[in-house]
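Novice: The sequence shown: position 252 = 277 (the numbering used here), numbered continuously.
For every residue, glycine included, the Cβ atom is placed at its ideal position computed from N, Cα and C.
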Amino acid sequence: MTVPTSGTRPDDARRHNRTALLRRLHVEGPCTRATLASELGLNRSTIKAVVDGLAEAGVVTEAVPAQRTGAGRPSLLVLPEAQAAVVLAVDIRVDQVAMAMVGIGGQILGRHSWNLHRTTRLPGEVITHIAESAQLLRDELGVREQGVGVSVPGVVRRADGLVHEAPNLGWREVALGSRLGAVLGSPTTVGNDGDLGALAEHVRGAARDANDLLYLSADVGVGGGVIVGGVPLRGSGGYVGEIGHMIVRPGGRACFCGEQGCWETEVGEPALCRALGLPEDTPRGVLVAELRDLEARPGRLDLLSEVGEWLVTGLVTAVNMLAPELVVLGDLFAALPTRLVDRIREELHRRSLVSRAAGRTRIAVSPLGRDGKLVGAAELAFEPVLGAV
């Protein structure tokens, strides 16, 4: 945490301290004034002034802990008021759109979702439905968002939310950020779904203690996100996360992107369905149930041996290039049998030079479930909002 220097103007220092304190409560949850002073490197009088100001504005409250330890008067906990800062998170997938109003601290206040079909994936249809659903959530909860974060499975220009291409949606050159911002009337930021999955894991998931991580998720396609030194790797213009289109099998299956042999053609949802002898359009719930069933029937684990081999092949390349301390598996990869994940972990360590040199790259399964990208979209929206509360 950066502490303002002596040359910082008083107003800037107050704003910095206020934002830092809110960020601490938003990410880590309630704590005492003493803990805030220690973690933020501020003196008690400064913490008192900031907390008192936020309490007066209705942004935080103070309460006695539900569970007391030791004798004497307990220290009050400083708690964020969830509805004092609210964002709208939107996760656009190939088969579904999920939305949630999220309060400070990550509390989901209300949500809505609907399925997408080939005829309802047109950008205009999706934008209209998002706007209508957002108004329903506003009316139901009696709140209005201060910012909007959107996750999209495609190549996104972070500066303005232009979706250059989302192959699995069939989108090209969609000005999603500006169009959604106009109909919602709120500042809107759009990000690649893999990038936001990594952000979610780093802030609220399996990678909270990791500064260097690779997030990998499987849906219809395969996406990824990278965090290096605690900072998201966004690439030139914000274009990053299309790791699923790394070619691993030249001349292999045709991919939605127009190439052949992309990694996602060998390990994505259709590949998992083929491995289990299911039609490629098998409903998501059925596929997940089949994957979970393998956990209790290890004799059938060999059905996924080829998928596991291709997963390792791609991971060896990615780990050798990026040297993450942690790889997080999300979405459908989080439903893979534990024995298969263990096998992948051992093979990665055996075959990756960097993993061996760095002392065994860890692999973890995301605890966020299908909400991972939604959580990431909320955190994307909160980045500017916390500084304006």
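Looking at the unbroken alpha helix (DSSP H) that takes in I133, where does it start and where does it end?
Specialist: Taken as a continuous stretch (DSSP letters only), I133 belongs to no alpha helix (DSSP H), being part of the beta strand (DSSP E) at Q132 to N140.
Novice: Can you tell me whether P362 is buried or exposed? The criterion is at least 16 other CB atoms within 10 Å of its CB, across all chains shown.
Specialist: Answer is buried; the Cβ neighbour count reaches 16.
Novice: Check C56 in the structure and name its three-state DSSP category.
Specialist: Looking at C56 - three-state DSSP - the assignment turns out to be strand.
Novice: Just to confirm, are G397 and G230 a CB contact at a threshold of 8 Å?
Specialist: Contact: yes.
Novice: Is the beta carbon of V119 closer than 8 Å to that of V168?
Specialist: Result no, Cβ atoms of V168 and V119 do not sit closer than 8 Å.
Novice: Where does E106 fall in DSSP's three states?
Specialist: Three-state DSSP puts E106 in coil, outside helix and strand.
Novice: How long is the line joining the alpha carbons of M26 and A314, rounded to whole angstroms?
Specialist: Reliability of the predicted coordinates at M26 is poor, the pLDDT of 47 falling under 50, and no value is obtained from them.
Novice: Identify whether V265 lies in helix, strand or coil by the three-state DSSP scheme.
Specialist: Coil.
Novice: To the nearest angstrom, how far is it from the Cα of H154 to the Cα of N193?
Specialist: Rounded to the nearest angstrom, the two C-alpha atoms are 19 Å apart.
Novice: Report, in whole angstroms, the separation of the C-beta atoms of V414 and V84, which I expect to be a contact under 8 Å.
Specialist: Their Cβ separation, rounded to whole angstroms, is 6 Å, which keeps V414 and V84 in contact under 8 Å.
Novice: Tell me the rounded alpha-carbon separation between A88 and R40.
Specialist: C-alpha separation (whole angstroms): 24 Å.
Novice: Kindly give me the distance between the Cβ atoms of P323 and R364, rounded to whole angstroms, as I take these residues to be in contact under 8 Å.
Specialist: 6 Å between Cβ atoms; contact.
Novice: Measure the beta-carbon distance from V180 to Y264 and round it to whole angstroms, keeping in mind my assumption that it falls under 8 Å.
Specialist: Contact holds; Cβ gap of about 6 Å.
Novice: Compute the Euclidean distance between the alpha carbons of G244 and E294, then round it to the nearest angstrom.
Specialist: Per the sequence presented here, residue 244 reads as Asp, with Gly not at that position. So the two alpha carbons sit approximately 6 Å from each other.
Novice: Please list the segments of the alpha helix (DSSP H) lying wholly inside the region 210 to 289, counting only runs of 4 or more residues, in order along the chain.
Specialist: DSSP runs (the alpha helix (DSSP H)) wholly in the region 210 to 289: 218 to 229.
Novice: Using a Cβ-based criterion (distance less than 7 Å to any ligand heavy atom), does P362 qualify as near the ligand NAP?
Specialist: For the ligand NAP, the structure offers nothing, since it holds no ligand at all.
Novice: Taking just the CA atoms, how far does L162 sit from L47?
Specialist: Straight-line Cα distance between these residues: approximately 25 Å.
Novice: To which residues of the same chain is G302 closer than 8 Å at the C-beta, ignoring the five residues directly before and after it?
Specialist: Result list for G302: L328, in chain order.
Novice: Given this structure, state the Cα-to-Cα distance separating I133 from G276, to the nearest angstrom.
Specialist: Between I133 and G276, the C-alpha separation is close to 45 Å.
Novice: So, do the region 127 to 147 and the region 58 to 75 have three or more beta carbon pairs nearer to each other than 8 Å?
Specialist: Too few Cβ pairs lie closer than 8 Å, so no.
Novice: What does DSSP give as the partner residue(s) for A191 in the beta ladder?
Specialist: Bridge partners of A191: W196.
Novice: In the DSSP assignment, find the unbroken beta strand (DSSP E) run with L351 in it and report its ends.
Specialist: Element bounds for L351: L351 to D356.
Novice: For N236 and V253, I'd like the C-alpha separation in whole angstroms.
Specialist: Cα-Cα distance, rounded: 6 Å.
Novice: Within 10 Å of its beta-carbon, does L113 have 16 or more other beta-carbons around it, so buried, or fewer, so exposed?
Specialist: Flag for L113 reads buried.
Novice: Whole angstroms is fine: what's the gap from Q108's alpha carbon to E170's?
Specialist: About 9 Å.
Novice: Let's test the definition: count the other Cβ atoms within 10 Å of the Cβ of A159 and tell me whether it reaches 16, buried, or not, exposed.
Specialist: That one is buried.
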